[in-house]
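Chains as they are written, first to last, in this note's numbering: chain A, 30 to 419; chain B, 2 to 160.
In what follows, a structure is listed as structure tokens, so that the remarks can point back to it.
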Amino acid sequence: MKKRDLISKRVKDIPPSGIRRFFDIIASMDGVISLGVGEPDFVTPWHIREAGIYSLEKGYTSYTSNYGLLELREEIARYLKVRHNLDYDPERELLVTVGVSEGVDLALRAIVNPGDEVIIPDPSYVSYTSCTVLAGGVSVPVPTTIENDFKVKAQDIDKRINPRTKAILLGYPNNPTGAVMDREELLKVAEVAQRHSLIVISDEVYERLVYGVEHTCFASLPGMKERTILLGGFSKAYAMTGWRLGYAAATEEIIEAMMKIHQYTMMCAPTMAQMAAIKALKDGEAQVQEMVAEYNQRRRVMVKGLNDIGLTCFEPRGAFYTFPSIKSTGLSSDEFAERLLLEERVAVIPGSTFGQCGEGYVRCCYATSMAEIEEALERMGNFVKRHRAI
Amino acid sequence: MNEIFRILEQDARKTPEQIATMTGIPLAQVEETIKKAESDRTILKYKTMVNWDKLGEEQVWALAEVKVTPQRDVGFDAIAERIYRFPEARTVYLISGTYDLAVFVVGKTMHEVAGFVSEKLAPLEGVQGTVTHFLLKRYKEDGEIMDGEEGPKRVPIMP
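Structure (structure tokens):
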């Protein structure tokens, strides 16, 4: 009798994560400095934690509305108005999600029909492609390069559009590169989206972490609010990764569709986290600015350090990642990451994890203490000296 | 420019080179700013915070609340100066509320601190009265939690 496949083809087709094996290596080693994390090294500011604790004491342990607490949605609406001059109706155009990760999934599943194509800059965050495939869509990578500071060009998007193209999925400030798109470049992307009637899913979870440049919210561009699914979150700005909380802002029609999936899969985002997030939006600004100032100092040290040891690094203006080229070593990004870990006990993420265009690069996160950054740079310097291609 | 001082306030051992990299301010300008600040007492001194409990060295600290009579023309300044010139008075603040001067006193023994308050501080002309509180335990000082702060518990690899 033929053995029946237990796992769906759709899931089988998703390649296993390339970085899993690093876990095992790190688990067996002492004294590893990790630049491989993807979250702040700050603990959530105390007043936000305290608000979460207080909500438990007061007995806020039940479900909330599927959309999330109205008070939180009102705070999010106020935030988007103040920051980006955007008007979202908190009752109909906002949905509180379990992190931006769920937001990406919901957005794609709400709009993608089988075979629909989604254009995604390469390299980008790992979930974009997999969630597109899980939604029955086809991901279409658009290469970005160090020559253009890893910003996506509207003309490159335009070239890949065909009648099956449904959406463009942007993640800027970008994980893994730290690239930030400026307003002029985004206007060109907006023009393409308008001309081809595309939806733009804009993951702006790193919007508060920009250095010396302005973040432009895609939905704030002329005519774009109607065709944008704006995804935002609390993880990066307020150091709240473990609370799992984000939000989606879009037209009533799209939010309604996303909510349909959300209500059957999540019911609602964690209540305690929602209570804490209200506090974050009301009183968290000072801490955000302190953390950004600190990241900015580390960013400068990291960029200079990497360039000094011969790993060419463009200046990232957002998130908390640097994306140096490791081509001078002649190693692939996978080999580089593995050998660096084994020989010098420094963990970084191979750029290829984030798409083909990430090959030849590694992602180094500077959300770690200055002392660790300095030590990691010294170890990486020794490594590069030994491995410089002849 | 204030960023230079914020960095030094957190870690006085940071070199001008490191500060220049961290802030993006040219090295010559960082050096010049620090030099000027040292000479005009914007930077008073560089010090190290030591947890003396760990070294087993006993230090007795007390907060002496001092009520004083302000004097014509000089207000509280003259009496404050008489007090802060004593080396035992480690920190002296003029404060609002039920008393006037908060004086942090340090000594080797309780007896020594009490002696300073009763024999030197209290008899001063203009001092109406003192209330002395002995410090029992330090939890947090100058932003530092004495037992150390728990850091984030992160998984080392995450895309």
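Where is the CB? At the ideal position from N, CA and C, for every residue including glycine.
Do V61/B and V118/B have their CB atoms nearer than 9 Å?
no
Under 8 Å, with one C-beta from each stretch per pair, do the stretch 361–381 of chain A and the stretch 310–317 of chain A reach the 3-pair mark?
no
What is the DSSP secondary structure of P170/A, reduced to helix, strand or coil?
Note: P170/A maps to strand in three-state DSSP.
Under 8 Å Cβ-Cβ, which residues of chain A neighbour G25/B?
R329
Interface flag, P205/A vs chain B, CB-CB below 9 Å:
yes
Kindly say whether T382/A, judged by its beta-carbon, lies nearer than 9 Å to any beta-carbon of chain B.
yes
Which of helix, strand or coil does DSSP assign to H225/A?
coil
Can you tell me which of the three DSSP states P17/B falls into?
P17/B falls in the helix class under three-state DSSP.
Would you kindly work out how many angstroms separate the C-alpha atoms of I62/A and T358/A, rounded to a whole number?
Going by the C-alpha atoms only, they are around 21 Å apart.
Below 8 Å, how does it come out for the stretch 235–242 of chain A and the stretch 196–210 of chain A: are there three or more Cβ pairs, yes or no?
yes
Nearest-angstrom Cα distance between D232/A and F52/A?
27 Å
Of the listed residues V209/A, V218/A and M253/A, nearest to V234/A (C-alpha basis):
Comparing alpha-carbon positions, the option among V209/A, V218/A and M253/A lying closest to V234/A turns out to be V209/A.
6 Å CB neighbourhood of G485/A in its chain, flanking five on each side removed:
An answer regarding residue 485/A cannot be provided, because it is not within the stretch 30 to 419 covered by chain A.
Evaluate contact between the stretch 325–342 of chain A and the stretch 407–416 of chain A, counting only Cβ atoms and requiring at least three cross-stretch pairs below 8 Å.
At 8 Å Cβ cutoff, the stretches touch.
In whole angstroms, give me the CA-to-CA distance for V132/B and D101/B.
11 Å
Proximity to I80/B [Cα-Cα], best of L122/B, V107/B and T99/B
L122/B
Secondary structure at L428/A, three-state DSSP: helix, strand or coil?
Here chain A has residues from 30 to 419 only, and residue 428/A is not among them.
Under the three-state DSSP convention, the category V155/A falls into
coil
Taking CB distances under 9 Å as the criterion, tell me whether Q19/B reaches chain A.
yes
Measuring only between beta-carbons, confirm whether T34/B sits less than 9 Å from chain A.
no
Report back the beta-carbon spacing between T93/A and T257/A to the nearest angstrom; my notes put them in contact at under 8 Å.
With 8 Å as the limit, T93/A and T257/A do not qualify as a contact, their Cβ atoms being about 25 Å apart.
With respect to the alpha helix (DSSP H) encompassing L370/A, which residues constitute its N-terminal and C-terminal limits?
S362 to E373
For a cutoff of 9 Å on Cβ pairs, would you count T133/B as touching chain A?
no
Whose CA, out of L101/A, T294/A, G144/A and R33/A, lies closest to the CA of A164/A?
G144/A
4-residue-minimum alpha helix (DSSP H) runs that sit fully inside the stretch 292–329 of chain A, ordered along the chain
Counting only runs of 4 or more, we get 300–312.
Per DSSP, A90/B forms a beta bridge with which residues?
For A90/B, which the question treats as bridged, DSSP gives the partners V106/B.
Per-residue DSSP class, three states only, for E146/A:
strand
Kindly confirm or deny that the stretch 45–56 of chain B and the stretch 23–33 of chain B touch, where touching means at least three C-beta pairs closer than 8 Å.
no
From the beta carbon of M159/B, is the nearest beta carbon of chain A less than 9 Å away?
yes
Touching or not, the stretch 72–87 of chain A and the stretch 291–307 of chain A, by the rule of three or more beta carbon pairs under 8 Å?
In short, these stretches touch, since the Cβ pair count reaches three.
Apart from the five residues on each side of it in sequence, which residues of its chain come closer than 6 Å, Cβ to Cβ, to N325/A?
Y240
Contact criterion: CB-CB distance below 9 Å. Does I146/B meet it with respect to chain A?
no
Determine the contact status of I230/A and A196/A, defining contact as a CB-CB distance below 9 Å.
yes
Residues of chain B with CB under 9 Å from I48/A, in chain order?
I158, M159 and P160
To the nearest angstrom, report how far apart I96/B and V128/B are at their CA atoms.
15 Å
Contact check, D185/A vs P172/A under 8 Å by CB: the rounded distance?
7 Å
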